[in-house]
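First residue of the sequence shown? That's 870 in my numbering, and the numbers climb one at a time after it. In what follows, a structure is listed as structure tokens, so that the remarks can point back to it.
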Amino acid sequence: MITQEPMSSFDPEPFLLSFRLAAATTVILFAVSVPLAWVLSMSRSRFKPFVEALISMPIVLPPTVLGFYLLMFLSGRSSFGSFIGNVFDIELVFTFPGILIASCVYSFPFMLQPLQSGMEQLPQKLIEASYALGKSPLKTLISVILPNIKPSVLTGLIITFAHTVGEFGVVLMVGGSIQGETRVASIAIYELVELLDYRTAHVYSLILIAFSFIVLVIVYTVNYRSRITRNT
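Take a look at the structure:
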């Protein structure tokens, strides 16, 4: 018979760390994904499917597999990890910078794909008209393309943030569980279950369920309003 431990006090720190990680990941991926999505949307190269497949690998790979190879890549024994440690004096394994890099890799396709899809659906004449008016590619991207794919931008931002909040396997492999450094909400739930503290685990889990539901409602509302606007 399993004996349930008494409920421990609620600790908001894992949620604050999860939201901090998600916010940083979302900002970084948006800055990287916007120009890359534009390049891919305009590309007609035969290598485009291979690039898209490589970027999309985190969607189909088991998180532990991705986390294992990221752990090897970021460790001090690798050339990259050793270089970062020697030049910048930053440890990437079992630290916040390490799980930030891992989160960016893991959530990359969730930001890139909505942006690329939105850009590919834009009428080419709109971009050509911008160039004809003398706008540079950068101004065209900022003042023409992004304003016309707002639903795609919002979808990418929201899904990336929510996906990062719920990360478990990749973060656990690269960062372990260090209080205030790498112990995010999903890892906290796992440890509470190990301790048989199901009541606190219920509270933590319900918070993430409510958060995920709200995020999905926002995404579907944005997409619904976008379709209504296009049809009117």
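Heads up, the beta-carbon is just placed ideally off N, CA and C, and yes, glycines get one too.
CB-CB length for residue i against residue j, believed under 8 Å
i, j, result
"P992", "G1025", "That pair is no contact at about 21 Å."
"S910", "M988", "4 Å"
"P932", "G1045", "Not a contact, Cβ separation roughly 15 Å."
Sequence-distant residues of the same chain with beta carbon closer than 6 Å to residue i, five excluded per side
i, result
"S944", "G950 and V962"
"L939", "A971 and V1043"
"A891", "F1030, T1033 and V1034"
"V934", "none"
"V1040", "I968 and V1053"
"M870", "For M870, the predicted structure reports a pLDDT of 46, less than 50, and the residue's modelled location is therefore unreliable. A value from the coordinates is still provided. For M870, where only same-chain residues beyond five positions count, there are no Cβ hits under 6 Å."
"S999", "T1009 and V1013"
Contacts around residue i, its chain only, beta-carbon distance under 7 Å, and the 5 residues preceding and following it disregarded
i, result
"Y1073", "A1054, A1057, I1058 and L1061"
"L1023", "V1091"
"I1027", "V1084, I1087 and V1088"
"S1021", "P983, L984, S986 and G987"
8 Å Cβ shell around residue i - same chain, five flanking residues per side excluded
i, result
"I959", "I953 and P966"
"G1049", "E882 and L886"
"I1102", "The question about residue 1102 has no answer, for the chain in this structure spans 870 to 1101."
"M941", "S947"
"I897", "L969 and C973"
Contiguous alpha helix (DSSP H) assignments of at least 4 residues, all confined to the segment 970-1012: Along the length of the segment 970-1012, whole alpha helix (DSSP H) runs at least 4 residues long occupy 993-1001 and 1006-1009, reported in chain order.
The segment 991-1011 touching the segment 950-957, judged by at least three CB pairs closer than 8 Å: No, the segment 991-1011 does not touch the segment 950-957.
Is the segment 895-904 close to the segment 1064-1073, with three or more CB pairs under 8 Å? They do not touch, by the three-pair rule.
If you pair each beta-carbon of the segment 917-932 with each one of the segment 1001-1008, do three or more pairs fall below 8 Å? Taking 8 Å as the limit for Cβ pairs, the verdict is that the segment 1001-1008 does not touch the segment 917-932.
Threshold first: 4 residues or longer. Then list the alpha helix (DSSP H) segments lying entirely within the segment 929-975, N to C. Segments of the alpha helix (DSSP H) lying fully in the segment 929-975: 932-943 and 948-957.
Please give me, in chain order, every unbroken run of the beta strand (DSSP E) with length at least 3 that falls completely inside the segment 881-921. DSSP runs (the beta strand (DSSP E)) wholly in the segment 881-921: none.
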